[in-house]
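As structure tokens, the structure follows; a few thoughts come after it.
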Ligand SMILES: [Zn+2]
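In this note's numbering, the protein residues as written are 235 to 634.
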């Protein structure tokens with residue numbers, strides 16, 4: 235009896251082992267077969283590229299690239315959920331991946347190297363739309379520039395783009411009037427972040443520290459205090475940001491008429507000028523010089539199209555002769571936000587922005603005005619800042 239039960243048990247064990255081995259082989263064979271099938275499928279995929287041309291919508295562009303109306307419709311309606319089809323620009327590219335039967339299996343629309351929209355055909359035959367997460371590599375570097383003719387030229391010569399100039403100008407917008415201050419021989423140090431994707435430059439990150447050495451030296455270090463608002467501070471811990479920007483135009487322009495007495499170009503009489511005129515190209519962006527709320531937009535006599543922004547402590551700013559107004563009364567605006575475009579409406583002889591600053595109705599000179607400053611760092615924040623800024627400056631000097 236005992237012999238027989240041992241025999242049966244051995245048989246059962248053998249059958250289980252056999253089934254397991256057969257199952258494994260079958261499984262591996264099936265995997266291999268599927269893999270081979272996939273290999274066949276994907277090895278025969280072809281890719282073609284398209285580009286949005288002047289006056290085209292995506293649908294037209296797809297038809298031009300030999301995609302049937304029916305499929306083009308399917309692509310447009312599937313991708314419409316993750317891509318704003320009205321925001322497409324001339325020159326943007328897309329890739330179409332087709333299998334051996336000519337069926338689209340994948341579609342990639344690239345707005346920029348860091349903004350891509352994907353369509354992938356699922357096993358059920360529908361498109362699945364998604365935006366992949368894109369990882370960027372960050373580099374932190376220092377540039378030392380010397381102005382030979384202009385800030386732009388110095389930056390381009392160093393292998394950077396004009397975007398870096400704009401960011402740099404933003405840092406010192408309170409202290410330096412970049413229309414008139416720079417001189418040949420002035421030097422600049424910028425310590426900044428640069429982002430890449432697949433070793434290709436994508437965008438600039440934050441400027442971590444900057445210095446402008448001209449007739450005076452200006453320093454700025456970006457710092458995030460625990461108690462106060464983040465921003466740029468000078469070595470002594472005083473914030474360099476102030477209540478009002480020096481100009482309502484970013485970079486383009488020069489002062490054509492100062493505050494005070496001047497000759498009126500229309501009546502040829504001497505009168506008082508209640509603001510400062512900045513000449514700029516037609517359509518140049520005008521920005522709010524401080525946080526506030528729009529209190530007036532529209533036509534106002536000699537001002538032409540005018541924007542008035544009300545600020546705290548009874549201040550208000552005026553932006554006149556605009557070609558287009560981009561804000562509405564009652565709207566909140568932040569310092570540096572676009573509010574209008576430069577024009578020549580009202581009593582004006584050419585495109586410029588008439589900028590005026592008033593305190594309780596009284597106009598005063600925006601260029602000579604001791605404006606209220608933000609609070610300096612103190613206590614633990616100041617201690618942390620001193621340690622941090624020393625480290626940052628050592629980093630910069632180590633490469634110079
Ligand atoms: Zn004016």
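Virtual Cβ for every residue (Gly too), placed ideally from N, Cα, C.
**OP:** Consider the C-beta atom of residue 300 and the heavy atoms of ligand 1; say whether any pair is separated by less than 7 angstroms.
**Re:** Numbered from its first residue, the chain shown carries residue 300 at position 66. In this structure, residue 300 has its beta carbon at no less than 7 angstroms from each heavy atom of ligand 1.
**OP:** Compare the beta carbon distance of residue 419 and residue 363 with 8 angstroms and say whether it is the shorter of the two.
**Re:** The sequence position of residue 419 within the chain shown is 185, counting from 1. The sequence position of residue 363 within the chain shown is 129, counting from 1. In this structure, residue 363 does not lie closer than 8 angstroms to residue 419 by Cβ.
**OP:** Let me know the secondary structure DSSP gives residue 625 once reduced to three states.
**Re:** Numbered from its first residue, the chain shown carries residue 625 at position 391. In the structure shown, the three-state DSSP call for residue 625 is helix.
Original post:
Beta carbon of residue 511: closer than 7 angstroms to some heavy atom of ligand 1?
Top reply: Stepping through the chain shown from its first residue, residue 511 is reached at position 277. Checking every heavy atom of ligand 1 against the Cβ of residue 511, one is found closer than 7 angstroms.
**OP:** Provide the residue span of the alpha helix (DSSP H) that contains residue 590, from first to last.
**Re:** Against the chain shown, residue 590 aligns to sequence position 356. No alpha helix (DSSP H) holds residue 590; the beta strand (DSSP E) holding it covers 586-593.
Original post:
Shortest alpha-carbon distance to residue 388 belongs to which of 519, 481, 379?
Top reply: The residue you call residue 388 lines up with position 154 of the chain shown. When C-alpha distances from residue 388 are compared across 519, 481, 379, the shortest belongs to 379.
**OP:** Report all residues from its chain with a CB closer than 7 angstroms to the CB of residue 574; omit the five preceding and five following residues, and keep chain order.
**Re:** Start at 1 with the first residue of the chain shown, and residue 574 comes out as number 340. Only 520, 541, 553, 556, 558, 559, 560 meet the Cβ criterion.
Original post:
Hey, residue 483 and residue 428: beta-carbon distance below 8 angstroms or not?
Top reply: The sequence position of residue 483 within the chain shown is 249, counting from 1. The sequence position of residue 428 within the chain shown is 194, counting from 1. At least 8 angstroms separates the beta-carbon of residue 483 from that of residue 428.
Original post:
How about residue 507: is its Cβ closer than 7 angstroms to a heavy atom in ligand 3?
Top reply: By its list of ligands, the structure shown excludes ligand 3, since it contains just ligand 1.
**OP:** Would you kindly work out how many angstroms separate the C-alpha atoms of residue 250 and residue 336, rounded to a whole number?
**Re:** Working through the chain shown from its first residue, we reach residue 250 at position 16. Working through the chain shown from its first residue, we reach residue 336 at position 102. C-alpha separation (whole angstroms): 47 angstroms.
**OP:** Tell me whether residue 588 counts as near ligand 1, meaning its Cβ is closer than 7 angstroms to at least one heavy atom of that ligand.
**Re:** Position 354 of the chain shown, counting from 1, holds the residue named residue 588. Indeed, a heavy atom of ligand 1 lies less than 7 angstroms from the Cβ.
Original post:
How far does the alpha helix (DSSP H) with residue 307 in it reach, from first residue to last?
Top reply: By 1-based counting over the chain shown, the position of residue 307 is 73. First-last of the alpha helix (DSSP H) with residue 307: 303-313.
Subject >> Nearest to residue 450 (by Cα), restricted to the options 456, 416, 457 >> reply: The residue you call residue 450 lines up with position 216 of the chain shown. Ranking 456, 416, 457 by Cα distance to residue 450 puts 416 first.
Original post:
residue 294: which of 279, 280, 392, 310 sits nearest, CA to CA?
Top reply: Counting from one through the chain shown, the residue named residue 294 turns up at place 60. Distance from the Cα of residue 294 is smallest, within the candidate group 279, 280, 392, 310, for 310.
**OP:** Mark residue 425 as exposed unless 16 or more other C-beta atoms lie within 10 angstroms of its C-beta, in which case mark it buried.
**Re:** In the chain shown, residue 425 corresponds to position 191, counting from 1. It is buried - the Cβ of residue 425 has at least 16 other Cβ atoms within 10 Å.
Original post:
By a C-beta neighbour count over all protein chains shown, 10 Å radius and 16 as the cutoff for buried, is residue 524 buried or exposed?
Top reply: Numbered from its first residue, the chain shown carries residue 524 at position 290. The residue is buried, with at least 16 neighbouring Cβ atoms inside 10 Å.
Original post:
Since residue 412 contacts residue 403 with CB under 8 angstroms, what's their CB separation in whole angstroms?
Top reply: For the purposes of this step, residue 412 is taken as residue 178 along the chain shown, with counting starting at 1. For the purposes of this step, residue 403 is taken as residue 169 along the chain shown, with counting starting at 1. In this structure, residue 412 and residue 403 form a Cβ contact; the two beta carbons are roughly 5 angstroms apart against a cut-off of 8 angstroms.
**OP:** Could you name the residues that DSSP lists as bridge partners for residue 280?
**Re:** One-based indexing of the chain shown puts residue 280 at position 46. Looking at the DSSP output, residue 280 shares a beta bridge with 332.
Original post:
Alpha carbon to alpha carbon, how far is residue 366 from residue 603?
Top reply: Translated into the one-based positions of the chain shown, residue 366 becomes position 132. Translated into the one-based positions of the chain shown, residue 603 becomes position 369. One Cα belongs to residue 366, the other to residue 603, and the distance between them is close to 50 angstroms.
Original post:
Which term fits residue 318, buried or exposed, when burial requires 16 or more other beta carbons within 10 angstroms of its beta carbon?
Top reply: Indexing the chain shown from 1 puts residue 318 at position 84. The residue is exposed, with fewer than 16 neighbouring Cβ atoms inside 10 Å.
Original post:
Are the beta-carbon atoms of residue 368 and residue 437 separated by less than 8 angstroms?
Top reply: Translated into positions along the chain shown, residue 368 becomes position 134. Translated into positions along the chain shown, residue 437 becomes position 203. Result no, Cβ atoms of residue 368 and residue 437 do not sit closer than 8 angstroms.
**OP:** Report, in whole angstroms, the separation of the C-beta atoms of residue 539 and residue 579, which I expect to be a contact under 8 angstroms.
**Re:** The residue you call residue 539 lines up with position 305 of the chain shown. The residue you call residue 579 lines up with position 345 of the chain shown. Indeed they touch by this definition, with Cβ atoms about 5 angstroms apart.
Original post:
Can you tell me whether DSSP reads residue 364 as helix, strand or coil?
Top reply: In the chain shown, the residue the question calls residue 364 occupies position 130. In this structure, residue 364 counts as strand in the three-state DSSP scheme.
**OP:** Flag this pair as touching only if the region 509-519 and the region 580-591 have three or more C-beta atom pairs under 8 angstroms; answer yes or no.
**Re:** As far as the Cβ criterion goes, the region 509-519 touches the region 580-591, which means the pair count is three or higher.
**OP:** Would you be able to state if there are at least three C-beta pairs under 8 angstroms between the region 286-300 and the region 346-361?
**Re:** No: fewer than three Cβ pairs fall under 8 angstroms.
Subject >> Local conformation of residue 550 per DSSP, three classes >> reply: Position 316 of the chain shown, counting from 1, holds the residue named residue 550. Taken through DSSP and simplified to helix, strand or coil, residue 550 comes out as strand.
Subject >> residue 268 burial status per 10 Å Cβ neighbour count (16 or more: buried) >> reply: In the chain shown, residue 268 corresponds to position 34, counting from 1. Counting Cβ neighbours within 10 Å, residue 268 comes out exposed, since fewer than 16 surround it.
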